[in-house]
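What follows is one structure encoded as structure tokens, with my remarks underneath.
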Amino acid sequence: MNLETSGHAGNHVRTLLILGASGDLTGRLLLPGLARLIGSGRAPGIKLAGAGGPGYSQEQWQLRVNTICAEAKKNATTSGAPELGQIADDTHFAELDVTKPGELADLVSRLDGPVAIYFALPPAVSQKACEVLEPGELPETTLLVMEKPFGSDQRSAQELNRTLIRLVPEENIHRVDHFLGKGTVFNILGLRFANRLLEPLFTAEHVEKIEIFYDEELALEERAGYYDKAGALRDMIQSHLLQILGLLTMNAPATLGERDVRDHLGSVLRATALAGTPENSTRRARYTAGTSMGRAVPDYATEKGVDATLQTETLAEVTLNINNSRWAGVPFILRAGKALGKARKEAIITFRPVSHLPTGFKGSDAPTTLRIGFGPDTLELDLDVNGPGDLYTLDAVTMVAELNSPDLLPYGEVLLGVLSGDPTLSVRGDTAEECWRIVDPILAAWAKNDVPLDEYSAGSNGPTAWETNGAKKK
Ligand code: NDP
4 MNLETSGHAG NHVRTLLILG ASGDLTGRLL LPGLARLIGS GRAPGIKLAG
54 AGGPGYSQEQ WQLRVNTICA EAKKNATTSG APELGQIADD THFAELDVTK
104 PGELADLVSR LDGPVAIYFA LPPAVSQKAC EVLEPGELPE TTLLVMEKPF
154 GSDQRSAQEL NRTLIRLVPE ENIHRVDHFL GKGTVFNILG LRFANRLLEP
204 LFTAEHVEKI EIFYDEELAL EERAGYYDKA GALRDMIQSH LLQILGLLTM
254 NAPATLGERD VRDHLGSVLR ATALAGTPEN STRRARYTAG TSMGRAVPDY
304 ATEKGVDATL QTETLAEVTL NINNSRWAGV PFILRAGKAL GKARKEAIIT
354 FRPVSHLPTG FKGSDAPTTL RIGFGPDTLE LDLDVNGPGD LYTLDAVTMV
404 AELNSPDLLP YGEVLLGVLS GDPTLSVRGD TAEECWRIVD PILAAWAKND
454 VPLDEYSAGS NGPTAWETNG AKKK
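Quick note on numbering: the sequence shown equals residues 4 to 477 in our numbering.
This is the structure in structure tokens:
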């Protein structure tokens, strides 16, 4: 798909305006994603503008864009390569304070529209910038692109939604969850709904449990300013892992149009809730000093910028249920953490045993499991078969498929959606609120210390008291 074939004709963005031109997200993820997209030839004619505070300049912005576009040229197509040169030559930086009334709307009115405003700003600044915008001040074709975190609980997410909806219609608001732009994440829909082998099996009748892990080896990496206020539950589970859960469990949409996909995703998340109480369905922990990836990692509580009194967790695990006829009774275990001994980024679907195993088989009766890897991108299916040797003995075998990396980066996929006015890969407002509704009781219980904050050494597999795999026994 490119901008011309996206099916969203008439609402194509002409200019992408990035607020936060000098920021980390812009340099590390947004511009590389955009450059790869432009280099692929799928965003012809798009214009780019940057904006930020007085500490940055046109020269610095242009150098930043130029450097990233030059890198992307190495893999560009013949139609995309000249576009990369053009965008780097033509891009403009505007100095502004987005929290001052009138400044942002004035800038937008001078750009070639429709304009997509990408809020790559600290969350409080984004919120303020939207609050000072008056209804009708932005052209109604303007798109607002919001980064995570989208609020910090259900109430603040609702408030932010109310602020945004005053300005533009819901379909012009893109709440970015870049996991939806990852090949293996969105491909869950293809895997589930295009394969007769799997499509009928994703129900409580056949599935024993589903686990979604996002264990990282990386520790804080100097991101205390953000992470210490968020923690693993807000940073990963409330956003990315709940979106993955939604794709793994939603009913089949009639089409891949944004309304069908987002209606079904929203519907299953509305039926999702904690399996029990926070005390018996969640656990949390924080790393202490250790060694991760061959490097010494200090105790989290002593890391630069950390406020140890916040009791921020660096490992979180929750068990959820989906209260509908398809999934009643199945546990869904979501876990995310930092500074762990082994990176493990995957969803594991464990199927129930067959109703009767012919008497006489010996050996493995391990459950059939399907593992979807989110980095590296893989599919693995564990099966029991009559292996070599004794004909009556079962052996566990794994069928492995290494998936080709998509040609766009996740942020490139997200931006393709933004620029073509297609919000399918964006989190709809009601769904963003539902995700907070699911985790708010956990946050409240953790704030009251109803669930102990366990410890694990950086580089280990988590607290020794936790089973390394699976949910807490109830
Ligand atoms: P940074 O602190 O690195 O950058 C913030 C940017 O905002 C700077 O360019 C700053 O410009 C600009 N800014 C601040 N105040 C104003 C203002 N009043 N008017 C205009 N510009 C202003 O933040 P990040 O890039 O890390 O994060 C941005 C957003 O992206 C956040 O919502 C974050 O949660 C989200 N995010 C970040 C990720 C990352 O890896 N960094 C990953 C996922 C999401 P100046 O310094 O010139 O004032």
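Every residue gets a Cβ at the ideal spot worked out from N, C-alpha and C, and that includes glycine.
These figures come from a predicted structure and were not determined experimentally.
- Residue Q246 holds the alpha-carbon nearest to the alpha-carbon of F335 among E405, Q246 and L141.
- Between S295 and G465 a beta carbon distance of about 13 Å is seen, past the 8 Å cut, so the two are scored as non-contacting.
- Residue state for V264 is assigned as helix, using DSSP reduced to three classes.
- Looking only at V271, G378, E225 and A91, the smallest Cα-Cα distance to A331 is reached by V271.
- By the neighbour-count criterion, in which a residue is buried when 16 or more other Cβ atoms sit within 10 angstroms of its Cβ, K185 is buried.
- Shortest gap from the CB of S43 to any heavy atom of the ligand NDP: 7 Å or more.
- Between L170 and P126, the C-beta gap is not smaller than 8 Å, which leaves the two residues out of contact.
- Exclusion of P413 from the 7 Å shell around the ligand NDP follows from its C-beta lying no nearer than that to any non-hydrogen atom of the ligand.
- Taking a C-beta distance under 8 Å as the contact criterion, E436 and N175 do not qualify as a contact pair.
- Burial is judged here by how many other beta carbons sit within 10 angstroms of a residue's own beta carbon; H267 has at least 16 and is buried.
- Each of G23, S25, G26, D27, L28, G55, G56, G58, Y59, D100, V101, T102, A123, L124, P126, V128 and E150 has a C-beta closer than 5 Å to some heavy atom of the ligand NDP; these make up the full list, in chain order.
- Annotation for R178: M149, F153, S429, V430 and A435 place their beta carbon closer than 6 Å to its own, counting only its chain and skipping 5 residues before and after.
- Taking one beta carbon from each stretch, the segment 316-329 and the segment 345-352 have fewer than 3 pairs nearer than 8 Å; the two do not touch.
- With distances taken between CA atoms, T81 lies nearest to I41 out of I41, G55 and T258.
- Here the alpha carbons of D231 and Q314 stand approximately 9 Å from one another.
- Within the same chain, and ignoring the five residues on either side of D380 in sequence, the residues whose Cβ sits closer than 7 Å to its Cβ are G186, T187, L406 and S408.
- Judged by pairs of C-beta atoms under 8 Å, the segment 60-67 touches the segment 89-96, as three or more such pairs exist.
- For S25, the CB contacts under 6 Å within the same chain, skipping 5 residues up- and downstream, are G55 and Y59 in chain order.
- Per DSSP, reduced to three states, the secondary structure at F364 is coil, with no helix or strand assignment.
- The segment 378-436 contains, as complete alpha helix (DSSP H) runs of 4+ residues, the segments 413-422 (chain order).
- In the displayed model, R158 falls within a helix according to three-state DSSP.
- Using a 10 angstroms sphere on the CB of T285, the tally of other CB atoms reaches 16 or more, which defines it as buried.
- Going by beta carbons, V135 and I240 fall outside the 8 Å limit.
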